[in-house]
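Counting with this note's numbering, you get residues 58 to 333 for the letters of the sequence shown. Virtual Cβ for every residue (Gly too), placed ideally from N, Cα, C. Structure record follows, encoded as structure tokens.
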Amino acid sequence: MTVSRIDARFAALKAEGRAGFVTYVMAGDPSAQATLEILRGLPGAGADLIELGFPFSDPMAEGPTIQRAAARGLKSGMTVRGTLDLVRAFRESDADTPVILMGYLNPLETWGHAAFARDAAAAGVDGLIVVDCPPEEAGPLTDALDAEGIALIRLATPTTDDARLKIVTARTSGFVYYVSVAGVTGVKEADADAVAPAVARVRAASGLPVAVGFGIKTPQRAAEVARVADAVVAGSVLVDEVAAAIAAGTDPTARVLGKVRALADAVRGARAPQMA
Numbered sequence: 058m059t060v061s062r063i064d065a066r067f068a069a070l071k072a073e074g075r076a077g078f079v080t081y082v083m084a085g086d087p088s089a090q091a092t093l094e095i096l097r098g099l100p101g102a103g104a105d106l107i108e109l110g111f112p113f114s115d116p117m118a119e120g121p122t123i124q125r126a127a128a129r130g131l132k133s134g135m136t137v138r139g140t141l142d143l144v145r146a147f148r149e150s151d152a153d154t155p156v157i158l159m160g161y162l163n164p165l166e167t168w169g170h171a172a173f174a175r176d177a178a179a180a181g182v183d184g185l186i187v188v189d190c191p192p193e194e195a196g197p198l199t200d201a202l203d204a205e206g207i208a209l210i211r212l213a214t215p216t217t218d219d220a221r222l223k224i225v226t227a228r229t230s231g232f233v234y235y236v237s238v239a240g241v242t243g244v245k246e247a248d249a250d251a252v253a254p255a256v257a258r259v260r261a262a263s264g265l266p267v268a269v270g271f272g273i274k275t276p277q278r279a280a281e282v283a284r285v286a287d288a289v290v291a292g293s294v295l296v297d298e299v300a301a302a303i304a305a306g307t308d309p310t311a312r313v314l315g316k317v318r319a320l321a322d323a324v325r326g327a328r329a330p331q332m333a
């Protein structure tokens, strides 16, 4: 059986004894070319896995930062097909870094589950997070993704009780994304003390690694979460760097990758023995 890039990466991280660092960027923000340059630089800057958002007009799980990024992506002409083109171009120089698409269900319904799964697999996509697809309605999409070896990654939250967690984690693969705060992206900060027991509970229910996102903005917070989770996800803090570069009229690549390096260093060093 072929081992997926996601499974291989988490196995390697476990062998290294550290948490992974997952970076999120929005396709087309501020342009397709800029996104591709950022994507190509992410692994070297310390990203272990990459989440690539495809812009959608009604991003209900997002706070203002990623809402604005989605609007910029749509304005630049980015589409789901264009997002797959970015993954395909990224794969020309990187065959190993897992890429997970993150977005909303409506464009995939329009595309057709089976056709989208085939096209995504051909482009080099490893996983999919669909924020507004409840488990009760995910069967056809999951079947299509399973046929192409693409993981459907689901989200658990602080309000997901044990009964609901069993439903959420059924047919989930790759990892579980734990939303560390009640609310939208980029507004509140994660609390590692509250996250730790939740991660243990989700890991026990799913048998999968748990990546923690929403509310991780600083190296200190990233390190705290990395001590208790299998991976740390940073999104809004990176998208903020794109917005700042646009406002300054500068290239966003250097700003984003600089922030990634600072956060990745914190994640990688989080479990190192502390000097007395």
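- Which one or two residues does DSSP pair with glycine 184 in a beta bridge? Beta-bridge pairing links glycine 184 to Ile157 and Ala208.
- If you draw a straight line from the alpha carbon of glycine 98 to that of threonine 310, how long is it in whole angstroms? Spanning the two alpha carbons is a distance of roughly 8 Å.
- Task: Please work out which residues of its chain come closer than 7 Å, Cβ to Cβ, to valine 241, disregarding the five sequence neighbours upstream and downstream, and give them in chain order.
- Result: At valine 241, the pLDDT of 47 sits below 50, so the modelled position is not reliable; the number obtained from the coordinates is stated separately. Sequence-distant Cβ neighbours of valine 241 in its own chain, meaning closer than 7 Å and more than five residues away, are Ala118, Glu119 and Gly120.
- Check whether the Cβ atoms of alanine 327 and alanine 76 sit closer than 8 Å, and answer yes or no. In this structure, alanine 76 lies closer than 8 Å to alanine 327 by Cβ.
- Task: Drop a sphere of 10 angstroms on the beta-carbon of glycine 243, count the other beta-carbons inside from all chains shown, and report buried for 16 or more, exposed for fewer.
- Result: For glycine 243, the predicted structure reports a pLDDT of 42, less than 50, and the residue's modelled location is therefore unreliable. The matter cannot be settled from this model.
- Taking the alpha-carbon positions, what's the phenylalanine 78 to glycine 103 distance? Take the alpha-carbon of phenylalanine 78 and the one of glycine 103: they are about 7 Å apart.
- Item | 6 Å Cβ shell around phenylalanine 67 - same chain, five flanking residues per side excluded | Excluding positions up to five away in sequence, the list reads Pro266.
- DSSP on valine 241, reduced to helix/strand/coil? For valine 241, the predicted model reports a pLDDT of 47, less than 50, meaning its position is unreliable and no value from the coordinates is stated.
- Message: Please classify proline 155 as buried or exposed, where buried requires at least 16 other C-beta atoms within 10 Å of its C-beta.
- Response: Classification of proline 155: buried, given that the 10 Å Cβ count is 16 or more.
- Going by DSSP, what residues sit across from leucine 295 in a beta bridge? None; leucine 295 has no bridge partner.
- Message: I'd like to know whether the C-beta atoms of threonine 122 and serine 237 end up nearer to each other than 8 Å.
- Response: With contacts defined as CB atoms closer than 8 Å, threonine 122 and serine 237 fail to qualify as a contacting pair.
- Query: Which word fits serine 230, buried or exposed, when buried means at least 16 other C-beta atoms lie within 10 angstroms of its C-beta?
  - Reply: Buried: at least 16 other Cβ atoms inside 10 Å.
- Query: Under the three-state reduction of DSSP, which class applies to leucine 265: helix, strand or coil?
  - Reply: Residue state, collapsed to three classes: coil.
- What whole-angstrom Cβ distance do isoleucine 207 and valine 225 have, given they're in contact under 8 Å? That belief does not hold up - the Cβ atoms of isoleucine 207 and valine 225 are roughly 18 Å apart, past 8 Å.
- Item | Backbone CA spacing between proline 192 and threonine 199 [nearest angstrom] | Each residue's alpha carbon lies about 9 Å from the other.
- Task: May I have a chain-ordered list of the beta strand (DSSP E) segments no shorter than 3 residues that lie completely inside the segment 87 to 171?
- Result: You should have 106 to 110 and 156 to 160.
- Close-in-space but distant-in-sequence residues of the same chain around alanine 126 (CB under 6 Å, 5 per side omitted): Hits under 6 Å: Met83, Asp86 and Val296.
- Query: Just to confirm, are leucine 131 and proline 112 a CB contact at a threshold of 8 Å?
  - Reply: With contacts defined by Cβ atoms closer than 8 Å, leucine 131 and proline 112 form a contacting pair.
- When DSSP builds the beta bridges, which residues end up paired with glycine 77? Paired residues: Ala288.
- Query: Mind checking valine 269: buried by the 16 CB within 10 Å criterion, or exposed?
  - Reply: Residue burial annotation: valine 269 is buried, with at least 16 other C-beta atoms found within 10 angstroms of its C-beta.
- Which residues in the same chain have their Cβ closer than 7 Å to the Cβ of arginine 62, if we skip the five residues on either side of it in sequence? Spatial neighbours of arginine 62 in its own chain (CB-CB distance under 7 Å, excluding positions within 5 residues in sequence) are listed in chain order as Asp153, Pro155 and Asp183.
- Near alanine 302, which residues of its chain fall below 6 Å by C-beta distance, leaving aside the five closest residues on each side in sequence? Cβ within range, chain order: Pro309 and Arg312.
- Return the residue from the list Pro100, Arg258 and Leu158 that minimises the CA-CA distance to alanine 174. Comparing Cα-Cα distances from alanine 174 to each of Pro100, Arg258 and Leu158, the minimum goes to Leu158.
- Query: How far does the beta strand (DSSP E) with valine 233 in it reach, from first residue to last?
  - Reply: Where valine 233 is concerned, the enclosing beta strand (DSSP E) stretches over 233 to 236.
- Which term fits alanine 72, buried or exposed, when burial requires 16 or more other beta carbons within 10 angstroms of its beta carbon? Taking all protein chains in view, the Cβ of alanine 72 is surrounded by fewer than 16 other Cβ atoms within 10 Å, so the residue is classified as exposed.
- Per DSSP, alanine 72 forms a beta bridge with which residues? Partner(s): none; alanine 72 has no beta bridge.
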